[in-house]
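In our numbering, the protein residues as written are 17 to 559.
This is the structure:
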């Protein structure tokens with residue numbers, strides 16, 4: 017009898033307490049919104065209690081202390097839900113992301129504290145701490161940078177000491193704030209962790225209340241500058257500062273050239289900011305996208321080039337071919353195509369653009385990708401002399417494509433080129449490859465690489481640009497007296513100019529250390545273990 021009574025009491029609490037209170041809050045919100053819409057003067061009065069952050073002078077602020085929030089102040093995004101969705105999708109799973117999306121109608125009627133607790137529980141319950149660290153390091157910074165409030169950022173960097181108070185979980189923002197914005201201290205909501213896993217619950221301190229936390233840290237000495245939003249909580253928070261300003265969400269977005277440091281590497285599958293509407297559109301698209309990806313894949317594998325191009329373009333693939341396709345090699349060897357590396361499909365689209373098969377050298381390519389590849393692929397060993405002999409043999413059999421960066425890069429940068437290819441051929445054709453996606457990235461550093469082609473082809477209208485540049489003149493090759501490093505640097509610069517990209521000295525190792533916390537080496541008992549002298553000098557189609 018005890019168990020039914022407990023159930024009845026629980027049902028009574030849910031109906032009378034949770035739902036009743038939620039409905040009451042929803043009605044109050046609707047009433048308030050209606051009042052605000054009928055009285056625009058009240059909204060303007062509320063937002064003008066303090067001057068705009070654009071009126072804050074920058075000069076002489078090097079010794080000042082600034083306090084602010086990241087939500088609604090440093091970020092232009094009005095809601096923090098998209099960033100919880102990124103953690104749920106990239107750090108958790110697609111099912112966790114779907115469950116978080118389904119909670120949106122409930123989240124809308126909850127107050128700030130309950131909403132935060134609910135999003136934290138759904139997003140973090142059972143999530144590994146190291147998965148959150150990976151998302152915070154490799155995924156979130158890209159979206160934070162793209163949504164930075166330029167005016168608030170310029171005031172922030174003009175000050176000497178920077179302290180951020182936020183009700184958002186500290187683990188979601190601390191890495192970005194300290195690494196990119198050089199924030200001195202981050203005070204946020206703390207999450208409960210047991211055995212390396214989040215429980216989904218908050219610590220005893222609960223959701224951080226900004227004005228209380230500010231008083232605890234600063235005591236009676238008020239900070240020099242405070243920046244906040246137009247909400248009542250923010251108004252109370254910045255009222256404790258000597259100078260107070262309000263961030264305007266209409267401020268211009270941070271341009272790439274003004275980023276605190278270049279955004280070269282990032283990970284994750286989602287290529288869009290997952291707002292509730294955008295996330296709903298993604299889930300509605302997934303079934304059709306999967307069918308479309310399989311159709312596009314089979315068309316590329318089974319059909320002749322012309323028919324594959326016709327059906328692929330008809331299904332939404334946007335293939336752009338520029339430049340003149342090179343003529344046959346004048347000597348016995350094939351032509352060596354040197355490509356910028358955007359996805360695993362670079363050699364496939366190059367072969368499609370040429371309308372003839374080519375051979376691609378690869379490293380750390382999954383078995384599934386090798387099986388479904390419509391062109392011949394040959395694995396490299398990362399042993400310089402052995403790889404050189406392999407590529408010489410392949411060139412004697414026909415055309416060969418290499419990607420000297422050794423790994424993909426999503427942003428408009430080219431990584432350091434390996435110089436091995438320059439020692440093998442005199443007829444070199446640079447090919448500027450670029451891609452365009454709107455929903456999913458077709459590359460990953462920490463996920464399943466075998467799904468990279470599927471995710472790329474699941475985009476509604478994936479784009480590939482293949483631009484053939486002129487053959488490298490003989491006097492600019494090793495046969496003309498140049499060193500292999502000079503040839504590699506020259507071709508890297510040539511491709512960067514054609515794409516409008518920037519050259520870097522970063523390597524595959526740098527990328528994987530930053531994104532995955534390892535050197536990107538795939539263990540293989542059948543492969544000779546490389547030594548340190550040649551472990552970075554690799555090339556090929558690499559995920």
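From the three backbone atoms N, C-alpha and C, an ideal C-beta is built for every residue, glycine too.
Item, Value
"Taking the beta carbon of residue 55 as the centre, do at least 16 other beta carbons fall within 10 Å, making it buried, or is it exposed?", "With a pLDDT of 40 at residue 55, under the threshold of 50, the modelled position of that residue is not reliable, and the figure given next carries that caveat. Looking at its Cβ environment, which holds fewer than 16 other Cβ atoms inside 10 Å, residue 55 is exposed."
"Enumerate in chain order the residues of its own chain whose CB-to-CB distance from residue 157 is below 8 Å, with the five nearest sequence positions on each side excluded.", "191, 192, 195, 196, 279 and 282"
"Which value, in whole angstroms, describes the spacing of the CA atoms of residue 74 and residue 234?", "23 Å"
"Whole angstroms is fine: what's the gap from residue 76's alpha carbon to residue 254's?", "20 Å"
"Residues in its own chain within less than 7 Å of residue 101 by CB, not counting five upstream and five downstream?", "113, 116, 290 and 295"
"Start and end of the beta strand (DSSP E) containing residue 178?", "177 to 185"
"Note the first and the last residue of the continuous beta strand (DSSP E) segment covering residue 355.", "352 to 355"
"Name the two residues that bound the continuous beta strand (DSSP E) containing residue 122.", "Taken as a continuous stretch (DSSP letters only), residue 122 belongs to no beta strand (DSSP E), being part of the alpha helix (DSSP H) at 120 to 125."
"Check whether the Cβ atoms of residue 229 and residue 242 lie closer than 8 Å to each other.", "no"
"Could you check whether residue 338 and residue 484 sit closer than 8 Å to each other, using their CB atoms as the reference points?", "yes"
"So, at 7 Å on beta carbons, what are the nonlocal neighbours of residue 136 in its own chain, with the 5 sequence-adjacent residues on each side left out?", "185, 207, 216 and 218"
"So is residue 417 buried or exposed if we call it buried at 16+ other beta carbons inside 10 Å?", "buried"
"Roughly how many angstroms separate the alpha carbons of residue 211 and residue 146, rounded to a whole number?", "11 Å"
"Taking the beta strand (DSSP E) that residue 334 falls in, what are its first and last residues?", "334 to 338"
"With distances taken Cα to Cα, identify the nearest neighbour of residue 176 among 240, 164 and 118.", "240"
"Do you know offhand how far residue 356's Cα is from residue 97's?", "36 Å"
"Quick one: measure Cβ to Cβ for residue 527 and residue 423, integer angstroms, because I've assumed they're closer than 8 Å.", "6 Å"
"Please list, in chain order, all residues of the same chain as residue 313 whose beta carbon is under 8 Å from its beta carbon, the five residues on each side excluded.", "388, 469, 470 and 473"
"Would you check if the distance between the CB atom of residue 438 and the CB atom of residue 394 is smaller than 8 Å?", "no"
"Please state if the CB of residue 183 and the CB of residue 610 are separated by a distance shorter than 8 Å.", "This structure leaves residue 610 out entirely; the chain is present only between 17 and 559."
"Kindly provide the ranges of any alpha helix (DSSP H) runs that are 4 or more residues long and lie completely inside the segment 361 to 411, ordered along the chain.", "362 to 370 and 383 to 388"
"Kindly indicate the opening and closing residues of the beta strand (DSSP E) around residue 484.", "479 to 484"
"Identify whether residue 169 lies in helix, strand or coil by the three-state DSSP scheme.", "helix"
"What whole-angstrom Cβ distance do residue 103 and residue 119 have, given they're in contact under 8 Å?", "Not quite, the Cβ-Cβ distance comes to about 14 Å (not below 8 Å), so this is no contact."
"Could you check whether the segment 159 to 178 touches the segment 79 to 90, counting it as contact only if at least three pairs of C-beta atoms, one from each stretch, sit closer than 8 Å?", "yes"
"Residue range of the alpha helix (DSSP H) that residue 282 falls in?", "Counting along the chain, residue 282 falls outside any alpha helix (DSSP H), and DSSP gives it neither H nor E."
"Let me check understanding here. Comparing Cα to Cα, which of 85, 501, 256 and 432 lies closest to residue 201?", "85"
"For the segment 250 to 337, which segments carrying the alpha helix (DSSP H) assignment without a break, of at least 4 residues, lie completely within its bounds, in sequence order?", "292 to 318 and 321 to 330"
"Can you tell me whether residue 495 is buried or exposed? The criterion is at least 16 other CB atoms within 10 Å of its CB, across all chains shown.", "exposed"
"Enumerate, from N- to C-terminal direction, the unbroken alpha helix (DSSP H) stretches of 4 or more residues contained entirely within the segment 443 to 467.", "none"
"Evaluate residue 61 with the Cβ neighbour count: other Cβ atoms within 10 Å of its Cβ, from every protein chain shown; 16 or more gives buried, anything less gives exposed.", "With a pLDDT of 40 at residue 61, under the threshold of 50, the modelled position of that residue is not reliable, and the figure given next carries that caveat. Residue 61 should be labelled exposed."
"Output the distance between the C-alpha atoms of residue 461 and residue 415, rounded to the nearest integer angstrom.", "29 Å"
"Give me, in chain order, the residues of the same chain whose beta-carbon lies closer than 7 Å to that of residue 342; leave out the 5 immediate sequence neighbours on both sides.", "351, 445, 484 and 487"
"By a C-beta neighbour count over all protein chains shown, 10 Å radius and 16 as the cutoff for buried, is residue 226 buried or exposed?", "buried"
"What residue does the alpha helix (DSSP H) around residue 139 start on, and which one ends it?", "128 to 140"
"Which term fits residue 214, buried or exposed, when burial requires 16 or more other beta carbons within 10 angstroms of its beta carbon?", "buried"
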